[in-house]
Amino acid sequence: MNWALNNFSRLMELFWEHTVLATIPTVLGLLIAVPLGLLLNDGRSGRRIAVALASVAFTIPSLALFVTIPTLIGTQILDPINVIAALTLYSAALTLRSVFDSLDAVDSSVRDAAQASGFSRLSRAVFVDLPLAVPVLTAGLRVACATNVSLVSVGAVIGVGGLGELFTSGYQRSYPDQIFAGILAIMVLAFILDRLIAAAGWLLTPWERAHAG
Amino acid sequence: MLADMFAYFAEAENWLGDQGILIRVGQHLWYSFIAVVLGAVIAVPAGIYVGHTGRGQTLIVTAANSLRAIPSLGLMTLLVLFMGLGLLPPVLALVTLAVPPLLAGVYSGMRSVDRAVVDAAWAMGMARRQVIGVELRNALPGMVAGLRGAALQVIATAMIAAYVNLGGIGRYIFDGLALYDYGRVLVGAVLVTVLALTVDGLLAVVGRLVQPGAKAPSRRAAKTLRAGTV
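Quick mapping for you: the protein sequence lines, in order, are chains A and B. If you count the first sequence from 1, you need to add 15 to reach the working numbering. If you count the second sequence from 1, you need to add 2 to reach the working numbering.
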């Protein structure tokens, strides 16, 4: 732990960089996956294709994606945008699956009732399906967020990766203390973000609390 | 970049030999296989216990989520510094990726078994072991789904083994990075993706075969299963 104490300001700097690199893709992934999921949920073949594409996206190794993205979107190889773009793809893919799962969990009689009381397709999706899907969706988002936080560190191999830098430099200098500090800091960050998402899910579903209490 | 990649694939020489594509794919599969098997040794009993008793659900969800947050690159480099180079550090790092999906698959598979079926098993006077057997049989599709998730994650990440001087498809990615030869990186990416999707497809077939109440496997499929090609 000596390294962490002696280099606290450096650690905080990397921690912050890591937070930014992990949070933006999680939020962007959610913003892409939710409308797409609501749109594709009713069409069976569209949904199946989307799920298949999502699992393909997830098998591309992160490191390879970090270095191929610059040629695709024309950024510099050391640009943090590469990491953000790659992780956005992953988390959109992961979140899309949980959007479908969470919509499946919505009671079909509730949907029928909404339809019968005159909701249009769009307003039913936004005002009925989506709020009821929140609990399952939060669980999926927590997984996506934890995955992002841990994947950002792989970016250190190409020079952008927040706390992952402690792994590459700790390994080159044979300095386990530094690596250990990095792992611990990443797990702390993952825990904080996980709690934040869980709290957001709790705030968004007052009816669940009413049942529990 | 694409042209470099195709040129590399087109050269027959690149497929054979101890640096060849086939050897590296084999190494990659071997690391992934050990990691998934070790992960199953941990996750399957734990999942069966929690799924059967319904005890400790929050505990395993928390444990699985914290495992997901462990950065595999960091864990692997740390282990190498303590244990030296070798097969064990990357494999142990990959195990942390294999456990959460396996645990989720076994657990949710066990919980999704119709309660009436379990109650009927108890009512018929089955011993606990037999009841668990009934649950397991019905949980198989869920378990295979978990296995698919674990295999995808592990195969996609096993490329980090090359960072600590092991073989596998990751060699293309790290060599390409070192040489600024991004065509080479792409070779690695394509190979990993194809490999992961192939394994996933084969496991999907297994998943269909083990579905309870599914049509009995055709003779040919059963033969393939026994021959162990999947």
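A virtual CB, placed ideally from N, CA and C, is assigned to each residue, including glycine.
**Study point:** Best match in B:His54, B:Leu193, B:Val156, B:Gly135 for proximity to B:Leu104 [C-alpha to C-alpha]
**Key:** As a working note, residue 104 of chain B is residue 102 in the second sequence. The candidate whose alpha carbon is nearest that of B:Leu104 is B:Val156.
Review point. What's the gap between the Cα of A:Ile198 and the Cα of A:Ile88?
Key: The residue you call residue 198 of chain A lines up with position 183 of the first sequence. The residue you call residue 88 of chain A lines up with position 73 of the first sequence. Looking at the two C-alpha atoms, the distance is approximately 31 Å.
**Study point:** Positions along the segment 183-209 of chain B whose CB lies within less than 8 Å of some CB in chain A
**Key:** Tyr184, Val187, Leu188, Gly190, Ala191, Val194, Thr195, Ala198, Leu199, Asp202
Point to revise | Cβ pair count under 8 Å reaching 3, the segment 149-156 of chain A against the segment 206-223 of chain A | key: yes
Review point. Alpha carbon to alpha carbon, how far is A:Phe23 from B:Leu18?
Key: Taking the first sequence and counting its residues from 1, the one referred to as residue 23 of chain A is at position 8. Taking the second sequence and counting its residues from 1, the one referred to as residue 18 of chain B is at position 16. Taking the straight line joining both Cα atoms gives about 50 Å.
Check your understanding: Count the other CB atoms within 10 Å of the CB of A:Trp1; is the residue buried (16 or more) or exposed (fewer)?
Key -> Since the displayed chain A opens at 16 and closes at 228, residue 1 of chain A lies outside it and no answer follows.
Point to revise | C-alpha distance - B:Gly56 paired with B:Met126, whole-angstrom precision | key: Looking up residue 56 of chain B in the second sequence gives position 54. Looking up residue 126 of chain B in the second sequence gives position 124. Between B:Gly56 and B:Met126, the C-alpha separation is close to 22 Å.
Review point. Anyone know if the C-beta pair for B:Gly143 and B:Gly209 falls short of 8 Å?
Key: The residue labelled residue 143 of chain B in the question sits at position 141 within the second sequence. The residue labelled residue 209 of chain B in the question sits at position 207 within the second sequence. At residue 143 of chain B the sequence reads Pro, which differs from the Gly that was named. The answer is yes: Cβ separation under 8 Å.
Point to revise | Sequence-distant residues of the same chain with beta carbon closer than 8 Å to A:Pro191, five excluded per side | key: As a first step, residue 191 of chain A must be located in the first sequence, where it is residue number 176. Around A:Pro191: Gly185.
**Study point:** When B:Ser34, B:Asp116, B:Asn67 are compared against B:Leu89, the one with the closest alpha-carbon
**Key:** Translated into positions along the second sequence, residue 89 of chain B becomes position 87. Comparing Cα-Cα distances from B:Leu89 to each of B:Ser34, B:Asp116, B:Asn67, the minimum goes to B:Ser34.
Point to revise | Under 7 Å from the C-beta of B:Arg70: neighbouring residues of chain A | key: On the second sequence, position 68 is the one that residue 70 of chain B refers to. The contacting residues are Val158, Ala161, Thr162, Ser165.
Practice item. Starting from the Cα of A:Ala69, find the closest Cα among A:Arg112, A:Phe81, A:Leu29 and give me that residue. Key: Position 54 of the first sequence, counted from the start, is the residue given in the question as residue 69 of chain A. Considering only alpha carbons, the answer is A:Arg112.
Point to revise | Collapsed DSSP secondary structure at B:Glu13 in the structure displayed | key: Within the second sequence, the letter at position 11 stands for residue 13 of chain B. Correct three-state label for B:Glu13: coil.
Point to revise | Contacting positions in the segment 21-42 of chain B - beta carbon closer than 8 Å to chain A | key: none
Exercise for review: For the segment 74-99 of chain B, enumerate the residues whose C-beta is nearer than 8 Å to any C-beta of chain A, in chain order.
Suggested key: Ser74, Leu75, Gly76, Leu77, Thr79, Leu80, Val82, Leu83, Phe84
Review point. Which residues in the same chain as A:Ile39 place their Cβ atom closer than 7 Å to its Cβ, once the five residues preceding and following it in sequence are excluded?
Key: Translated into positions along the first sequence, residue 39 of chain A becomes position 24. Closer than 7 Å at Cβ, skipping near neighbours: Ile99.
Check your understanding: Taking DSSP as the reference, what is the three-state secondary structure of B:Val101?
Key -> On the second sequence, position 99 is the one that residue 101 of chain B refers to. Here B:Val101 sits in helix by DSSP.
Review point. How about B:Gly172 and B:Ala160: do their beta carbons lie closer than 8 Å?
Key: Mapped onto the second sequence, residue 172 of chain B falls at position 170. Mapped onto the second sequence, residue 160 of chain B falls at position 158. Taking 8 Å as the Cβ cut-off, B:Gly172 and B:Ala160 qualify as a contacting pair.
Point to revise | Residue-chain proximity (B:Leu154, chain A), Cβ-Cβ < 8 Å | key: For the purposes of this step, residue 154 of chain B is taken as the residue at position 152 of the second sequence. It does: the Cβ of B:Leu154 has a partner Cβ on chain A nearer than 8 Å.
Review point. Do we get a CB-CB distance below 8 Å when we pair B:Ile175 with the residues of chain A?
Key: Your numbering for residue 175 of chain B matches position 173 in the second sequence. Chain A contact via Cβ: present.
Review point. Could you give the C-beta distance for B:Ala37 and B:Val97, rounded to a whole number, given that I count them as a contact under 8 Å?
Key: Working through the second sequence from its first residue, we reach residue 37 of chain B at position 35. Working through the second sequence from its first residue, we reach residue 97 of chain B at position 95. Contact holds; Cβ gap of about 5 Å.
Review point. Can you check whether the CB of A:Phe182 is closer than 8 Å to the CB of A:Ile194?
Key: In the first sequence, residue 194 of chain A corresponds to position 179, counting from 1. In the first sequence, residue 182 of chain A corresponds to position 167, counting from 1. Yes. Within cutoff.
Practice item. Could you spell out where the alpha helix (DSSP H) holding A:Phe73 opens and where it closes? Key: Within the first sequence, the letter at position 58 stands for residue 73 of chain A. Unbroken alpha helix (DSSP H) run through A:Phe73: 59-74.
Exercise for review: Give the range of the alpha helix (DSSP H) segment to which B:Arg57 is assigned.
Suggested key: Position 55 of the second sequence, counting from 1, holds the residue named residue 57 of chain B. Element bounds for B:Arg57: n/a, residue is neither H nor E.
Point to revise | Beta-carbon neighbours of B:Asn158, restricted to chain A and to distances below 8 Å | key: Locating residue 158 of chain B in the second sequence gives position 156, where the first residue counts as 1. At residue 158 of chain B the sequence reads Ala, which differs from the Asn that was named. Near B:Ala158 (Cβ distances below 8 Å), the residues of chain A are Phe73, Thr74, Ile75, Pro76, Ser77.
Review point. If you draw a straight line from the C-alpha of A:Asn97 to the C-alpha of A:Gln91, how long is it?
Key: The residue you call residue 97 of chain A lines up with position 82 of the first sequence. The residue you call residue 91 of chain A lines up with position 76 of the first sequence. C-alpha separation (whole angstroms): 8 Å.
Check your understanding: Whose C-alpha, out of B:Ala45, B:Ala106, B:Pro73, is nearest the C-alpha of A:Ile201?
Key -> Along the first sequence, read from residue 1 onward, the residue named residue 201 of chain A stands at position 186. Measuring from the Cα of A:Ile201, the nearest candidate turns out to be B:Pro73.
Practice item. Classify A:Ile84 as helix, strand or coil using the three-state DSSP reduction. Key: Residue mapping note: residue 84 of chain A aligns to position 69 of the first sequence, counting from 1. Here A:Ile84 sits in helix by DSSP.
Check your understanding: What did DSSP end up calling A:Gln91 once you bin it into helix, strand or coil?
Key -> As a first step, residue 91 of chain A must be located in the first sequence, where it is residue number 76. Three-state DSSP puts A:Gln91 in coil, outside helix and strand.
Practice item. Count the other CB atoms, across all protein chains shown, that sit within 10 Å of the CB of A:Thr86; report buried if there are 16 or more and exposed otherwise. Key: Counting from one through the first sequence, the residue named residue 86 of chain A turns up at place 71. A:Thr86 is exposed by the Cβ-count criterion.
Check your understanding: chain B beta carbons: is any one of them nearer than 8 Å to that of A:Ala108?
Key -> Stepping through the first sequence from its first residue, residue 108 of chain A is reached at position 93. Cβ-Cβ to chain B under 8 Å: no for A:Ala108.
**Study point:** Local conformation of A:Pro191 per DSSP, three classes
**Key:** Taking the first sequence and counting its residues from 1, one reaches residue 191 of chain A at position 176. Looking at A:Pro191 - three-state DSSP - the assignment turns out to be helix.
Check your understanding: If we call anything under 8 Å between Cβ atoms a contact, is B:Leu81 one with A:Val169?
Key -> For this step, residue 81 of chain B is matched to residue 79 along the second sequence. For this step, residue 169 of chain A is matched to residue 154 along the first sequence. In this structure, A:Val169 does not lie closer than 8 Å to B:Leu81 by Cβ.
Exercise for review: Using the Cα positions of B:Arg139 and B:Val108, report the straight-line distance between them to the nearest angstrom.
Suggested key: Here residue 139 of chain B refers to the residue found at position 137 of the second sequence. Here residue 108 of chain B refers to the residue found at position 106 of the second sequence. Computed Cα separation, rounded: 11 Å.
Practice item. State the Cα-Cα distance for the pair B:Val52 and B:Leu69, rounded to the nearest angstrom. Key: Here residue 52 of chain B is taken as the residue at index 50 of the second sequence, counted from 1. Here residue 69 of chain B is taken as the residue at index 67 of the second sequence, counted from 1. If I take the Cα positions, the gap works out to 17 Å.
**Study point:** Beta-carbon spacing of B:Val187, B:Tyr174 below 8 Å
**Key:** For the purposes of this step, residue 187 of chain B is identified with residue 185 of the second sequence, where counting begins at 1. For the purposes of this step, residue 174 of chain B is identified with residue 172 of the second sequence, where counting begins at 1. Taking 8 Å as the Cβ cut-off, B:Val187 and B:Tyr174 qualify as a contacting pair.
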